[in-house]
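Structure first, then comments.
2 protein chains.
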Amino acid sequence: MKYDLVVIGGVAAGTSAAAAAKRADKNLSIGIFQKEPYISYGGCGLPYTISGKVKSPESVIGFSPEEFSEKKGADVYTGFEAESIDFKNKTVKFLNGKEVHYGKLMIATGASPVIPDFSAKDEKGFFKLRNPDDATEIINYIESEKVKNAVIIGAGYIGLETAENLSEKNINLTVIEAGNNVFGCSDGIINKILKDYIKNDGVNLLTETFVKNVYKKDSKFSVQTDKESIETDMVIVAVGVKPNTDFIKDENLKKFNNGAIIVNDFSETSVSDVYSGGDCATVKNIITGKNVYYPLGTNANKQGKTAGRNIAGIKEAFPGILGSMITKYKNTEYGKTGLDIVQAQAEGFDAAEVYIKAGSKAGYYSGNAEIHMKLIFEKSGRIIGAVYCGQNILQRLNAVTALIKMNGTVYDLENMDFAYAPPFSPVWDINLLAAANAVKMIKKI
Amino acid sequence: MKYDLVVIGGVAAGTSAAAAAKRADKNLSIGIFQKEPYISYGGCGLPYTISGKVKSPESVIGFSPEEFSEKKGADVYTGFEAESIDFKNKTVKFLNGKEVHYGKLMIATGASPVIPDFSAKDEKGFFKLRNPDDATEIINYIESEKVKNAVIIGAGYIGLETAENLSEKNINLTVIEAGNNVFGCSDGIINKILKDYIKNDGVNLLTETFVKNVYKKDSKFSVQTDKESIETDMVIVAVGVKPNTDFIKDENLKKFNNGAIIVNDFSETSVSDVYSGGDCATVKNIITGKNVYYPLGTNANKQGKTAGRNIAGIKEAFPGILGSMITKYKNTEYGKTGLDIVQAQAEGFDAAEVYIKAGSKAGYYSGNAEIHMKLIFEKSGRIIGAVYCGQNILQRLNAVTALIKMNGTVYDLENMDFAYAPPFSPVWDINLLAAANAVKMIKKI
Numbered sequence: 061m062k063y064d065l066v067v068i069g070g071v072a073a074g075t076s077a078a079a080a081a082k083r084a085d086k087n088l089s090i091g092i093f094q095k096e097p098y099i100s101y102g103g104c105g106l107p108y109t110i111s112g113k114v115k116s117p118e119s120v121i122g123f124s125p126e127e128f129s130e131k132k133g134a135d136v137y138t139g140f141e142a143e144s145i146d147f148k149n150k151t152v153k154f155l156n157g158k159e160v161h162y163g164k165l166m167i168a169t170g171a172s173p174v175i176p177d178f179s180a181k182d183e184k185g186f187f188k189l190r191n192p193d194d195a196t197e198i199i200n201y202i203e204s205e206k207v208k209n210a211v212i213i214g215a216g217y218i219g220l221e222t223a224e225n226l227s228e229k230n231i232n233l234t235v236i237e238a239g240n241n242v243f244g245c246s247d248g249i250i251n252k253i254l255k256d257y258i259k260n261d262g263v264n265l266l267t268e269t270f271v272k273n274v275y276k277k278d279s280k281f282s283v284q285t286d287k288e289s290i291e292t293d294m295v296i297v298a299v300g301v302k303p304n305t306d307f308i309k310d311e312n313l314k315k316f317n318n319g320a321i322i323v324n325d326f327s328e329t330s331v332s333d334v335y336s337g338g339d340c341a342t343v344k345n346i347i348t349g350k351n352v353y354y355p356l357g358t359n360a361n362k363q364g365k366t367a368g369r370n371i372a373g374i375k376e377a378f379p380g381i382l383g384s385m386i387t388k389y390k391n392t393e394y395g396k397t398g399l400d401i402v403q404a405q406a407e408g409f410d411a412a413e414v415y416i417k418a419g420s421k422a423g424y425y426s427g428n429a430e431i432h433m434k435l436i437f438e439k440s441g442r443i444i445g446a447v448y449c450g451q452n453i454l455q456r457l458n459a460v461t462a463l464i465k466m467n468g469t470v471y472d473l474e475n476m477d478f479a480y481a482p483p484f485s486p487v488w489d490i491n492l493l494a495a496a497n498a499v500k501m502i503k504k505i
Numbered sequence: 061m062k063y064d065l066v067v068i069g070g071v072a073a074g075t076s077a078a079a080a081a082k083r084a085d086k087n088l089s090i091g092i093f094q095k096e097p098y099i100s101y102g103g104c105g106l107p108y109t110i111s112g113k114v115k116s117p118e119s120v121i122g123f124s125p126e127e128f129s130e131k132k133g134a135d136v137y138t139g140f141e142a143e144s145i146d147f148k149n150k151t152v153k154f155l156n157g158k159e160v161h162y163g164k165l166m167i168a169t170g171a172s173p174v175i176p177d178f179s180a181k182d183e184k185g186f187f188k189l190r191n192p193d194d195a196t197e198i199i200n201y202i203e204s205e206k207v208k209n210a211v212i213i214g215a216g217y218i219g220l221e222t223a224e225n226l227s228e229k230n231i232n233l234t235v236i237e238a239g240n241n242v243f244g245c246s247d248g249i250i251n252k253i254l255k256d257y258i259k260n261d262g263v264n265l266l267t268e269t270f271v272k273n274v275y276k277k278d279s280k281f282s283v284q285t286d287k288e289s290i291e292t293d294m295v296i297v298a299v300g301v302k303p304n305t306d307f308i309k310d311e312n313l314k315k316f317n318n319g320a321i322i323v324n325d326f327s328e329t330s331v332s333d334v335y336s337g338g339d340c341a342t343v344k345n346i347i348t349g350k351n352v353y354y355p356l357g358t359n360a361n362k363q364g365k366t367a368g369r370n371i372a373g374i375k376e377a378f379p380g381i382l383g384s385m386i387t388k389y390k391n392t393e394y395g396k397t398g399l400d401i402v403q404a405q406a407e408g409f410d411a412a413e414v415y416i417k418a419g420s421k422a423g424y425y426s427g428n429a430e431i432h433m434k435l436i437f438e439k440s441g442r443i444i445g446a447v448y449c450g451q452n453i454l455q456r457l458n459a460v461t462a463l464i465k466m467n468g469t470v471y472d473l474e475n476m477d478f479a480y481a482p483p484f485s486p487v488w489d490i491n492l493l494a495a496a497n498a499v500k501m502i503k504k505i
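Those protein sequence lines, which keep their order, are chains A and B.
Position 401, counted from 1, in the first sequence is what the numbering used here calls 461; the numbers after and before it change by one each time, with no gaps.
Position 86, counted from 1, in the second sequence is what the numbering used here calls 146; the numbers after and before it change by one each time, with no gaps.
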């Protein structure tokens with residue numbers, strides 16, 4: 061086999077790259093090689109399939125291999141897991157014994173959940189949640205075993221989004237987190253609010269608790285922590301992910317310590333004609349200018365698109381990311397863009413922050429709820445980050461995202477003409493109040 | 061009487077100016093003179109008092125006169141309607157015969173609804189909706205007269221927000237608009253969608269229909285249009301507002317044709333030591349650099365605050381507005397920032413637009429709804445406006461507002477790192493899709 065462009069991995073970055081490359085150059089022959097039986101799925105939607113807010117695990121799939129081939133003009137091969145790459149002879153070998161020769165190569169093999177070496181890790185009822193099959197297995201197991209309680213190991217996005225949806229199925233939950241933070245939130249005040257909210261919802265949230273092992277006896281699991289042991293019907297591990305790059309042994313391909321493939325703004329790796337992007341690669345943080353590992357679907361899609369355009373000969377830089385994210389546990393949303401104060405100071409910024417509380421709507425309007433916010437800025441006034449929790453935070457977060465991208469300052473934000481009406485915000489929106497406080501603080505310094 | 065600062069009008073701009081001036085200079089003596097018995101109210105909340113989404117007309121009042129005096133340090137006089145101003149002798153005369161001498165004067169007399177000279181205009185059951193008393197009268201009339209149907213004259217914000225809330229009280233509605241636009245929307249496609257939505261909700265929406273007169277016979281009103289005549293229980297007029305400045309006869313105070321007092325960035329009028337702001341004054345549009353009349357509570361508050369700071373001796377320019385607004389009819393929101401294509405071309409911009417539809421959430425997530433958007437940009441790529449209708453539009457609108465303020469381009473928007481999760485947006489958010497289409501369009505030009 062032989063293609064102008066070989067893409068290994070067909071979820072977000074891989075399919076985006078293939079589609080963009082083909083759009084830019086109709087004459088390219090493209091082959092996508094994917095280990096799973098499906099491609100092009102939105103893994104971020106999977107936790108919501110448990111409660112039914114997303115109808116089924118299949119519904120997060122964007123295109124079947126056949127549809128993708130037909131609409132986007134790339135050949136799609138499933139059941140092809142890469143075994144090795146020979147950069148010199150430009151070939152990829154697969155575990156099924158097949159081989160393909162490439163003109164250009166896009167490595168988009170994504171990441172896999174880290175599974176600690178627990179005794180029960182291969183037992184039925186011990187799960188990860190990464191692909192549609194995982195979700196189907198979890199849903200079926202809850203049904204067939206009449207699951208009443210579950211332990212989730214890890215209180216990051218996947219862990220807590222899964223918790224929300226299990227809780228909505230009336231399953232009693234223990235969530236165990238080795239660190240002190242939920243959703244990876246390194247802001248002290250916001251983290252505390254989020255933790256309290258999750259606990260008040262009835263979740264047995266155990267932070268700074270380390271899971272030593274998980275056993276299965278009969279149909280129950282026993283989760284052994286450094287403090288206690290917990291009996292449960294089901295275990296889901298969500299302690300982070302690791303780039304799927306171990307199969308690449310050639311040291312000419314430069315990687316991060318965690319295995320992420322280092323790419324430049326054009327998605328080029330250290331090996332010529334080899335590109336990468338998505339959850340197996342680094343991405344540039346716009347604020348620090350540094351390469352980081354930030355595996356999110358939204359980054360994968362955008363970076364993949366730019367990679368595809370560069371592969372097709374259009375020299376176009378991907379601007380990078382700001383670290384923007386949003387998630388929620390039931391009615392409480394958590395979101396962030398840029399750096400929080402801990403990160404800003406660690407990166408050497410002469411930064412300060414203001415903390416502020418305000419309503420999500422006009423105070424007198426029904427459904428008005430509390431928002432908590434941190435605004436992080438340099439003493440010049442330049443905004444470098446914001447952290448929010450509460451309701452309807454995205455309308456605030458996206459505005460600050462745009463400002464950070466444009467090197468906007470607290471002075472720009474202070475009198476910003478945001479659209480106002482009582483069902484949507486107070487007259488003095490939380491962003492405006494935060495900026496006014498920041499201006500006052502700067503003037504005192 | 062004598063004050064360092066006399067403020068006439070005590071709703072939004074007046075109270076903001078007084079509070080800001082006092083904060084900046086504790087030694088200022090300040091008197092606020094207000095014609096109504098209350099001050100400091102959020103008129104924008106009043107339509108929602110009809111359905112109970114805002115509990116009562118009183119709940120939109122921020123401070124009683126006494127509270128305001130105590131907390132903000134200004135004397136408050138109610139029942140004081142200005143009769144005339146003598147700029148030479150620096151005195152304001154009131155209809156109640158009193159007089160006050162000012163060091164500096166802030167004119168914040170707001171605006172009043174335009175009431176056409178209909179036969180029934182002084183009858184019970186014929187309403188405007190501007191202040192808490194109006195809302196109370198409407199609510200009481202609906203109750204006491206068991207109102208089953210109503211005619212609203214005017215399909216602007218107030219007219220349609222009132223329609224939403226009357227409809228939720230199961231009152232059959234006819235809304236009559238002389239123009240072709242609802243919510244003042246001058247974008248053809250978005251206006252059509254909004255009109256269809258309102259009609260499909262059961263409102264008898266008559267556009268391009270001119271009301272010639274309204275009579276009352278017995279307990280019913282007869283609304284005579286140029287096309288038909290409509291019998292109804294109640295009439296609400298919402299055809300626009302007019303600055304309350306007719307009482308100022310001295311031509312040294314420069315006004316717009318409609319009576320709005322012309323101010324500069326420091327809220328200074330053409331008469332020295334006289335300031336103005338809010339619904340009785342002009343405000344600068346940032347994009348065109350021109351003074352406009354744009355009477356919204358959010359502008360009044362911000363402009364008033366800056367006015368107060370300037371009055372207290374802090375030279376600080378109000379940056380101006382972008383024309384941002386948001387409103388809704390039930391589940392359908394309409395919002396805008398900057399200029400639409402009609403306005404942009406009228407202002408001489410070499411502008412183009414893209415129209416795009418996309419989901420409010422991930423396609424597979426429950427509650428995903430349609431958003432329609434126009435993005436307006438110069439051929440250089442600079443974004444100068446955006447128009448939206450649908451659900452959850454403010455998270456999109458605020459981001460473009462920030463971009464316009466920062467002279468951002470479609471290239472800045474195209475790969476913007478907006479926070480993503482399935483309950484909040486698709487991976488490719490409507491703003492990103494619009495920007496990508498705009499980039500394509502520019503490259504073809």
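Just so it is clear, CB atoms sit at the ideal spot from N, CA and C, and this is done for glycine as well.
Here the structure is a predicted model, which means the values were calculated and not measured.
Under a Cβ-count criterion, where at least 16 other Cβ atoms within 10 Å of its own Cβ denotes burial, should residue i be classed as buried or exposed?
i	result
A/P107	buried
B/N370	buried
B/L399	buried
A/K500	exposed
A/S420	buried
B/A406	exposed
A/D410	exposed
Need the endpoints of the beta strand (DSSP E) that residue i sits in, please.
i	result
A/S336	334-336
A/I213	209-213
A/M294	294-297
B/F154	151-154
B/L49	The structure shown has nothing for residue 49 of chain B, since chain B only spans 61 to 505.
B/I331	Residue identity differs from the one stated: residue 331 of chain B is Val in this sequence, not Ile. Per DSSP, B/V331 belongs to no beta strand (DSSP E) and is neither H nor E.
A/V301	301-303
With DSSP as the reference, identify every bridge partner of residue i, one or two as the case may be.
i	result
B/N345	B/I381
B/K277	B/K280
A/V66	A/G91, A/L165
B/F437	B/A412, B/I443
A/K315	A/I321
A/N264	A/T234
A/T138	A/Q94
B/E288	Paired residue(s): none; B/E288 is not in a bridge.
Taking the alpha helix (DSSP H) that residue i belongs to, which residues open and close that run?
i	result
B/K252	248-260
A/T461	454-465
A/N497	490-504
A/T285	A/T285 -> not in any alpha helix (DSSP H); beta strand (DSSP E) instead, spanning 280-285.
B/A81	73-84
B/L106	No alpha helix (DSSP H) contains B/L106, which DSSP labels as neither H nor E.
B/E127	125-132
A/V470	470-474
Please check the pair residue i and residue j, which I expect to be a contact at CB under 8 Å, by giving their CB distance rounded to whole angstroms.
i	j	result
B/K229	B/I110	6 Å
A/A171	A/G368	With a Cβ gap of about 20 Å, A/A171 and A/G368 do not count as contacting.
B/L313	B/S330	6 Å
B/D325	B/F378	6 Å
Beta strand (DSSP E) runs wholly inside the segment 364-416 of chain B, at least 3 long, in chain order | 385-389, 392-398
Where in the segment 168-242 of chain A do unbroken runs of the alpha helix (DSSP H), each at least 4 residues long, occur, reported from the N-terminal end onward?
-> 192-204, 217-227
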